[in-house]
Amino acid sequence: MIPEIGHLALILALSLAITQAIFPLVGTFTNTRSWVAMARPVAWGHFLFLAIAFGCLIQSFLTDDFSVLYVATNSNSHLPNLYKVAAVWGAHEGSLLLWAFLLGGWAAAIALFSRGLPAHVVARVLSVMGMISIGFLLFMLITSNPFERIFPVPAEGRDLNPLLQDPGLAMHPPMLYMGYVGFSVAFSFSIAALMGGKLDAAWARWSRPWTIIAWIFLSLGITLGSWWAYYELGWGGWWFWDPVENASFMPWLAGTALMHSLAVTEKRGAFKSWTVLLALFAFSLSLLGTFLVRSGVLTSVHAFATDPARGVFILIFLCLVIGGSLMLYAWRAPSISSGGRFDFVSRESFLLINNLLLSVLAALILFGTLAPLIYDAMGWGKISVGFPWFNTMFEMIAPFLVLAMGIGPMARWKHDDFAHLFRQVRVALVISLIAGGVALLPMFSHGKMLVGLGVTLTVWLIATHLKNLQERLKHKHGLKGLLRDLAGGSRSYYGMWLAHLGVASFIIGATVVSNYGIEKDIRMTPGSDVTIAGYRFVFDGVSKTPGPNYTAYRGHFRVFDGANQVAVLEPEKRHYQMQGRPMTEAAIDPSLLRDLYVSLGEPIDGGDWSLRVYYKPFVRWIWLGGILMALGGLLSISDRRYRIVRKLSKSEAATRKAGTNATGNPATETA
Amino acid sequence: MGRSLKFLIPLLLFGGIALFLYKGLSMDPRAIPSPLIGKPVPEFSLPRLDAPGEKVTRKDLLGKVSLLNVWATWCVSCRAEHGVLVDFARTHKIPVYGLDWKDDEAGAQAWLERLGNPYVAVAFDKIGRTAIDLGVYGAPETFVIDKKGTIRHKIAGPLSPQLIEDELLPLINKLNQEG
Amino acid sequence: MKPRQKRLVFALAALVGIAVAAVLITTALRSNLAYFFSPSQVAASEAPKDAVFRVGGLVREGSLKRDKDGLTVQFVVTDNAADVKVKYTGILPDLFKEGKGMVARGKLGKDGVFYAEEVLAKHDENYMPPEVASSLKTAHEAGAGNATRAVVQ
């Protein structure tokens, strides 16, 4: 019964999505006020039915309703409840439902928080989101219905993929999807603006908070995924440049560029058509990522072999959404005024450079991801692009990005001069070069050039941002000024500040762990020990332990720093009964300065095991960076200017005024 | 003119990518040349699923153009494929042999009872030995075997009516005309 | 400079920049490409002698041998038409098993043995995993997503 309700709810959601896509939009062109006014309530209903469908699927999982094919293939009565819920998005059909549910949620949020927006803008935005939703719902109902029944009912389910039975990964997809789907808001705003032909500061101000929220989720999602891969895959890597990761990283890059570009459009009215294009890109790349992952064109041919209809469907959908929006862009963008002029040396220029670099990086990653496909299609052979290529590309471009990040926030809008900028950054430049030089000394770097680069960039970022903060507080009476700023309307500045420091944290973490990490694959006999980076790992053997839906070999290690025992590590090798597959669970002793990492390989004769013993300095700083960026984003949307819910009739004028006032002071805005 | 043309660039770029994606979709992983194509079906002798006392061997495949379908109850896409096979067996006079791969005997029998049995005979390959000899990478896979017991074609992944219409039937007709 | 000249200079600079970048990108790409070959192709000497490439197929039953150090393993990968001997030092992925698919990346030695730097195991014998291949990074299953693709190639 419950699955049928869910199925019905999906169908109803589809019909509401169709209503939401057509009537409000047509209404804005024919000036039919009642049709325009339909947008909000319909968006609410649409979300309600999606929520019902989503709830039904969760309920089916929680009650072990194996008559539902999707539940039977992805759950098991022994699965802990937490993972039963996570199993909802553990596979194809359910993750589509999650996607649609979140899309409905974003649309409902717009309906709720957009009271200050002109009715026809809301109507168009919601109708574009309705169109996207139609695509997803049709896809689900036609090719991948999560509520499909199976008869006769199996007595037991096949269990969730053991890799996914992990709290980190349970949260990873919802975060990521919130980000992906969130970019649909900026996308819809852009489409609405292109339709209306009115691209102004107000448009940018409306899209900005939504974009930042989506970006926060995406940042957290990627961070979580990286962290998960690190501890769950058992070999201590934190980024692999595989198509699935790239699929999330490309929209992040485009989204980051968009966020910065929106700032310029809001403040200075410049970059309008560029900003629109980035908004289209950010969401297009999210969709493309979905295509790459879902169709199996890249990740797994098996996936595609199952059901070519899925691949074709997504491709058509992709062409309609991306092709259609770019066509609209090609048609309407030429009529957009280029807006605010600026000089070659100005904050706009630095932001433009930053935008271009981010876009180039995204394009390169797209190219590397698609290269195997292109080679195959052209008959040049079957290839894989090694991760060193991605690393090289990243290392070539990122330094310039960071360089511009240091200077950009110092620069004045519209016009600045080199002499002034140089005065601002010279101390930071000297300090960072010295720090990099010291790091390059053979005793520290062991001849690795990247160490010098990483340290220079980190110190550069910190130094320029400290200088920037000092400049700002000079006019604001120190600490008191800072607190007043935080209480008042300048949180977006501090958000920028924090997020940029997150980048510094990421750089130093990545630099240190890649250059000073120690990884040792060894064979150990119970009772023996091994010393790595000053830590002595004593192997006390392996015992057998049962788990809820698996049995495990558990290794026992004690770790000593000199004579002190610093950690007990118990890595596991699990065997999941239903899926009949082994799984390595690494054991990690984390701390801010270093991780100690042990994972079990295979048993070799006589109680010996092959093992991975790793020392990973500063690896936490990578994820700390991600978290700081997300916190920075959070701080900046808490800025007074974005409290969207406030009575906007009054504040409309007020915000506009605040916007113009602020432009005079170079240190005020998020950049 | 030039000004507005540049706004077309993103669209053109996407068009290029879409073409490759489309090509990627039609670049069928099933087109993988199996090293066994053109070679005789390896010798095997396996118990019949419905009558474990009897054997299915390579000899059974001789004399008629036939299909050999590798399947298992743990394989979800085999389930999706099964209906197609049942229809195929009902509407065509081409014998379909099954190779039940690494499966549970009782479960497999129940599966056939429940979903219909399109197979002339099912060889039960408990340990997967024959599947390895056949170079099976996954389930389902379907081999087209000519009258002399030579493998002529292999399809990885589930069959679809379209695939049968476009690929299998023309090939089978051709093979039937061969001596 | 007049705006017109200015634009011309910009365009030229951009063109040169793009050209340089394209050269850099493709050279870097070339040195990081790993082509895929089947054991038959390796046996027929179609695979490069000094370059890194990938070889994939099934691990022949009973061929897995372990050296005394416990970390170096040898096995035979086959496509049932030809065999290639593979040597690898390190820990094999969770899903590596005799009789199952795997993909190794490495170089062919003069002795005809493939010296692998990396071994990936295929995660499933079921041609279905859209479920598995869902957004959730299955590609990492011990690097198996790639393997899935490659094994079928």
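Protein chains in written order, with this note's numbering: chain A, 205 to 875; chain B, 842 to 1020; chain C, 144 to 296. Positions of the beta carbon are idealized from the N, C-alpha and C atoms, including for glycine.
Neighbour flag for residue i against chain C, beta carbons, 8 Å
i, result
"B:G814", "No answer is possible for residue 814 of chain B: the residues shown for chain B start at 842 and end at 1020."
"A:A474", "no"
"B:I973", "yes"
"B:G969", "yes"
"A:K586", "yes"
"A:S814", "yes"
"A:I148", "Nothing can be reported for residue 148 of chain A, as the shown portion of chain A is limited to 205 through 875."
"A:P356", "no"
Inter-residue spacing [alpha-carbon to alpha-carbon] between residue i and residue j
i, j, result
"A:A643", "A:V655", "7 Å"
"B:D974", "B:I992", "12 Å"
"A:P750", "A:R762", "22 Å"
"B:V925", "B:V977", "21 Å"
"A:A509", "A:A312", "Because A:A509 carries a pLDDT of 35, less than 50, the predicted location of this residue cannot be relied on, and the following value inherits that uncertainty. The straight-line gap from Cα to Cα measures roughly 37 Å."
"A:A691", "A:A708", "26 Å"
"A:I526", "A:R816", "45 Å"
"B:F848", "A:G528", "14 Å"
"A:E208", "A:F343", "18 Å"
"A:I518", "A:L300", "12 Å"
"A:M335", "A:T460", "25 Å"
"A:L283", "A:S219", "35 Å"
"A:T494", "A:L530", "19 Å"
"C:P236", "C:F218", "14 Å"
"A:F521", "A:F351", "22 Å"
"B:G879", "B:K995", "11 Å"
"B:L852", "A:S803", "48 Å"
Cutoff 8 Å: residue i Cβ touching any chain B Cβ
i, result
"C:D222", "yes"
"A:M344", "no"
"A:I526", "yes"
"C:R147", "no"
"A:P750", "no"
"A:I886", "The first residue shown for chain A is 205 and the last is 875, placing residue 886 of chain A beyond what the model contains."
"A:Y201", "One cannot answer for residue 201 of chain A here, as it falls past the ends of chain A, which runs 205 to 875."
Contact with chain A by residue i, beta-carbon distance below 8 Å
i, result
"B:K864", "yes"
"C:D226", "no"
"C:L263", "no"
"B:P893", "no"
"B:F855", "yes"
"C:D212", "yes"
"B:F965", "no"
"B:F929", "no"
Checklist entry - If you pair each beta-carbon of the region 251-260 of chain C with each one of the region 211-229 of chain C, do three or more pairs fall below 8 Å? => result yes
Item to check | the region 191-210 of chain C: positions lying closer than 8 Å to chain B by Cβ | outcome: L201 and E204
Checklist entry - With contact counted as at least three CB pairs below 8 Å, one residue from each stretch, are the region 176-193 of chain C and the region 238-251 of chain C in contact? => result yes
Checklist entry - Is it true that the region 623-639 of chain A meets the region 592-604 of chain A, where meeting means three or more beta-carbon pairs spaced less than 8 Å apart? => result no
Checklist entry - For the 8 Å Cβ check, are there 3 or more pairs between the region 726-736 of chain A and the region 211-223 of chain C? => result yes
Next on the checklist: Please identify, using Cβ separations under 9 Å, the residues of the region 418-432 of chain A that lie next to chain C, in order along the chain.
Outcome noted: G429 and W432
Checklist entry - Of all the residues that make up the region 877-889 of chain B, which are near chain C by a beta-carbon distance shorter than 7 Å? => result L877
Checklist entry - Can you find at least 3 beta carbon pairs, one from the region 277-295 of chain A and one from the region 317-332 of chain A, that sit closer than 8 Å? => result no
Checklist entry - For the region 721-741 of chain A, which residues have a CB atom closer than 8 Å to at least one CB atom of chain C, in sequence order? => result D725, I726 and R727
Item to check | Chain-ordered residues of the region 152-178 of chain C with a beta carbon less than 9 Å from chain A | outcome: A164, L167, I168, A171, L172, S174, N175, L176, A177 and Y178
Next on the checklist: To be precise: take each residue of the region 228-250 of chain C, compare its Cβ to all Cβ atoms of chain B, and keep it if any distance is under 8 Å. Which residues remain?
Outcome noted: G242 and G244
Checklist entry - Mind pulling the beta strand (DSSP E) runs of 3 or more residues that sit fully within the region 165-240 of chain C? => result 176-180, 196-202, 215-221 and 226-232
Item to check | Members of the region 475-497 of chain A that neighbour chain B once the beta carbon cut-off is set at 9 Å | outcome: S477, L481, L484, F485, S488, L492, F495 and L496
Checklist entry - Should the region 252-259 of chain A be called in touch with the region 236-244 of chain A, which here means at least 3 C-beta pairs below 8 Å? => result no
Checklist entry - What residues from the region 553-575 of chain A come within 7 Å of chain B, judged by C-beta to C-beta, listed N to C? => result L574
Next on the checklist: Beta carbons nearer than 7 Å to chain C: which residues of the region 782-806 of chain A have them?
Outcome noted: R785, P786, M787, T788, G805 and E806
Checklist entry - Are there three or more Cβ pairs, one per stretch, closer than 8 Å when the region 537-554 of chain A is compared with the region 610-627 of chain A? => result yes
Item to check | Under 8 Å (Cβ pairs) to chain C, residues found in the region 596-607 of chain A | outcome: T596, M597 and M600
Next on the checklist: Below 8 Å, how does it come out for the region 370-387 of chain A and the region 476-495 of chain A: are there three or more Cβ pairs, yes or no?
Outcome noted: yes
Next on the checklist: Assess contact between the region 945-953 of chain B and the region 851-870 of chain B, defined as three or more Cβ pairs (one per stretch) separated by less than 8 Å. Is contact present?
Outcome noted: no
Checklist entry - Between the region 828-842 of chain A and the region 805-815 of chain A, are three or more C-beta pairs nearer than 8 Å? => result no
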